[in-house]
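Have a look at the structure below, then the notes.
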Amino acid sequence: MSTDNIIDGKAFAAGLRERVGSEAAQIKQAHGLVPGLAVVLVGDDPASAVYVRNKGEQTREAGMQSFEHRLAADTPEANVLALVAQLNTDDAVHGILVQLPLPDQIDEQKVLSAINPDKDVDGFHVTNVGRLWTGGDALVPCTPYGCILMLKDRLGDLSGKRAIVVGRSNIVGKPMAALLLAESCTVTIAHSRTKDLAQRCRESDIVIAAVGRPEMIKGDWVSPGATVIDVGINRVDAPEKGLKEDGSPKTKLVGDVDFSEAAEVAGAITPVPGGVGPMTIACLLRNTLVAACRQNGIEPPAI
Ligand code: NDP
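According to the numbering used here, the sequence shown holds residues 117 to 419 in order.
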């Protein structure tokens with residue numbers, strides 16, 4: 117099997133981080149502005165802790181300031197809201213990200229709504245959702261933005277292409293559909309009630325899988341030459357890798373697309389891991405830079 121059609125998200129993300137870093141250096145030199153990203157982590161979920169640490173490292177590598185706020189798992193909602201209010205008024209902080217999920221005593225929506233929309237680098241605030249759908253200056257959710265960058269890099273102009281987004285969540289599916297529409301694609305949004313999903317996918321030039329079901333999208337759902345972007349991250353048992361110390365099978369990550377089948381027919385396809393995943397933090401850095409520029413009356417770089 118040729119690997120020419122595999123999109124290397126790791127390399128693409130490294131290139132984006134480098135561009136963000138070099139733009140940040142120029143902005144610092146010209147304006148004395150150092151973009152700052154504050155990340156709030158409540159609780160000690162190990163996966164979230166690793167993710168937050170990676171964000172911090174990559175933020176500093178791009179020449180930006182990183183502020184990490186780690187709060188105990190039993191922190192009351194009022195304290196989280198107070199921290200967000202403080203970050204909203206801190207001039208050194210241009211982007212605020214509250215790591216999800218939050219513990220049960222905290223209303224996620226209430227916290228996300230408390231973030232100043234101009235600092236909402238996750239793009240989840242209702243103001244940014246509205247701006248995105250109405251063509252305004254939104255901060256766009258990082259994962260779908262990363263998908264669009266990879267699609268445009270591979271395909272150039274997306275105008276007129278038939279795109280299907282499988283999944284309609286607020287963080288991936290819906291913003292993904294809005295971005296494809298803004299690129300003048302003809303967009304189908306599919307979900308668990310969609311009929312003839314395989315056929316709907318087969319009719320599409322671009323298939324975006326954001327479902328959370330391991331290898332659901334099969335090779336014969338993909339039309340020859342179509343571009344497949346797999347957002348899914350699913351951990352499954354991998355008995356072929358042997359056993360863990362406790363006797364249970366080792367595990368591996370797979371996407372929502374049956375990669376080995378789909379790669380045989382797709383014109384281009386993202387693997388899991390190493391496809392969409394690495395783009396998310398790179399786009400977060402890009403959003404922080406854009407937010408810092410906008411808050412200081414500087415034209416943001418076109419990246
Ligand atoms: P959600 O669970 O919020 O949404 C899943 C969507 O898939 C829903 O709209 C659901 O439909 C739809 N769906 C579920 N089953 C089917 C089915 N059988 N046929 C068609 N549609 C179906 O997930 P997220 O959007 O948050 O995440 C999706 C995937 O992307 C996950 O694997 C997640 O881990 C991954 N992810 C990866 C990121 C990255 O950085 N690469 C970032 C964020 C997420 P309905 O609305 O009808 O229930």
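Glycine residues also receive a C-beta, built at the ideal position from the N, C-alpha and C atoms.
Excluding five sequence neighbours on each side, which residues of the same chain lie with their C-beta closer than 7 Å to the C-beta of residue i?
i	result
threonine 396	Cys258, Thr259, Gly262
threonine 367	Arg351, Val352, Asp353, Ala354
arginine 316	Ile280, Thr304, Ala306, Thr310
isoleucine 84	Outside the shown range of the chain (117 to 419) lies residue 84, about which nothing can therefore be said.
glycine 393	Gly125, Ile349
alanine 293	Val281, Val303, Ile305
arginine 402	Leu132, Val136, Ile419
lysine 290	Arg284
alanine 63	Residue 63 is absent from the structure shown; the chain starts at 117 and stops at 419.
arginine 247	Asp253, Ala254
histidine 241	Leu228, Ser229, Ile231, Pro233
leucine 203	Ala154, Val209, Ile212
lysine 268	Leu274
glutamate 377	Lys334, Gly335
Exposed or buried, residue i, counting other C-beta atoms within 10 Å across all chains shown (16 or more means buried)?
i	result
glycine 387	Correcting the residue identity first, residue 387 is proline in this sequence and not glycine. Buried is the call here.
alanine 379	buried
threonine 250	exposed
asparagine 286	exposed
proline 340	exposed
glycine 413	exposed
glutamate 139	buried
aspartate 372	buried
leucine 216	exposed
aspartate 312	exposed
Can you find the residues in the same chain that come closer than 8 Å, C-beta to C-beta, to residue i, ignoring five residues on each side of it along the sequence?
i	result
valine 200	Val156, Ile212, Val214, Val227, Ala230, Ile231
leucine 359	Pro365, Lys366
threonine 503	Residue coverage of the chain in this structure runs from 117 to 419, which leaves residue 503 outside it and unanswerable.
valine 196	Val156, Val158, Leu187, Val214, Leu218, Ile222, Val227
phenylalanine 375	Glu331, Asp346, Ile385, Pro387, Val388
glutamine 411	His210, Asp234, Lys235
lysine 144	Val150, Gly179
Taking 6 Å as the limit between beta carbons, can you name the residues of its chain near residue i, skipping five residues before and five after?
i	result
alanine 208	Gly152
arginine 181	A quick correction: the sequence has glutamine, not arginine, at residue 181. So the qualifying residues of the chain are Val150, Gly152.
valine 406	Pro416
isoleucine 264	Leu295
alanine 326	Gly283, Val288, Gly289, Val347
Review point. Can we say the stretch 188-197 touches the stretch 142-151, given the rule of at least three CB pairs closer than 8 Å?
Key: no
Point to revise | For ligand 1, residues whose Cβ lies under 7 Å from any non-hydrogen atom | key: Thr259, Val282, Gly283, Arg284, Ser285, Ile287, Val288, Gly289, Ala306, His307, Ser308, Arg309, Thr310, Leu313, Ala326, Val327, Gly328, Arg329, Met332, Val347, Gly348, Ile349, Asn350, Asp372, Val392, Gly393, Thr396
Exercise for review: Identify every run of the alpha helix (DSSP H) within the stretch 235-266, keeping only runs that are complete inside it and at least 4 residues long; order them along the chain.
Suggested key: 242-249
Review point. Does the stretch 356-363 come close enough to the stretch 326-340 to have 3 or more Cβ pairs within less than 8 Å?
Key: no
Exercise for review: Output the residue ranges of the alpha helix (DSSP H) runs that lie fully inside the stretch 268-337 and measure 4 residues or longer, sorted by chain position.
Suggested key: 289-298, 313-318
Point to revise | Meets three-Cβ-pair contact criterion under 8 Å: the stretch 170-178 and the stretch 219-238 | key: no
Review point. Contact between the stretch 319-329 and the stretch 267-286: three or more CB pairs below 8 Å?
Key: yes
Review point. What are the complete beta strand (DSSP E) segments, minimum 3 residues, inside the stretch 335-359?
Key: 343-346, 350-353
Exercise for review: Within the stretch 179-207, note down every full beta strand (DSSP E) run reaching 3 residues or more, in order along the chain.
Suggested key: 181-187
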